[in-house]
Structures are given as structure tokens and as C-alpha cells.
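In the working numbering, the protein residues as written are 4 to 97.
Even glycine gets a Cβ: it sits at the ideal position worked out from N, Cα and C.
These figures come from a predicted structure and were not determined experimentally.
Heads up, the thing below is written out as C-alpha cells.
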Amino acid sequence: MITITNSPQSQTIDTKRNWLRHAPPSVKLVYWVLERDGPASPQTLLEATLLPKRTIRDAVADLDAAGLIERRPNPFDARSVTYHPVESNLFPMR
């Protein structure tokens, strides 16, 4: 797991972009899918990325610890959650 020294609230966009730049490829992929497609369930991330469940779980944990995503209850199924990107445009178009 990647550690963050600052609290997520005090991080600037550049700090978050820099953190993401140094994150593992799986973390970048999961965040990119969330930023591109919007909120997603774990199953949706699994289908969109073709990554193993454990890798998705670890990537989501890293992104959550970094303050880049939020976990919210799924409005259609209270037993599950959806992941929402907190920031937008961390992957700017070149």
C-alpha cells in the first residue's frame, strides 16, 4: 500500500497528480476508469479493467487512503458500495 504524508484535504491538485504519477499502473488504471466513466461498483471496475479482484481491492484502498476517491453506498443495493472520483482532470488530455 502507498502511504500519504499529508491529509487528503490539504493536498493540492498538483500533489494528487504527483502521487498518482508515482502510483502503480493498476491504481492509475482504476482511477482513470473512474474519472472517465464516473462512479462504479467493484464489479464494474472488474469488468472494465480486467484486473483480478484482489488488485482492484488494493487499488481502491490506495486511492481511498490518498483521498482521490470516496466510497458511497450503492443507491440500488444497500449491501454494496460505489466508488466516486473526488477530483476531476487528474489525467489531463495532451
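Discussion item. Looking only at its chain, what residues have a beta carbon closer than 7 Å to the beta carbon of V89, apart from the 5 residues adjacent to it on each side?
Written reply: G70, L71, I72 and E73
Fill in: Buried or exposed by the 16-neighbour rule on C-beta atoms within 10 Å, applied to K56
exposed
Worksheet entry | Host beta strand (DSSP E) of A81 (start-end) | D80 to P88
Worksheet entry | L48 versus R24 - alpha carbon distance | 20 Å
Worksheet entry | 4 or more residues per run - each alpha helix (DSSP H) lying fully within the segment 39–70 | 45–52 and 56–68
Discussion item. Do L54 and S83 count as a contact pair if the criterion is CB distance below 8 Å?
Written reply: no
Discussion item. Comparing C-alpha positions only, which one of W35, P78 and T18 sits nearest to V63?
Written reply: W35
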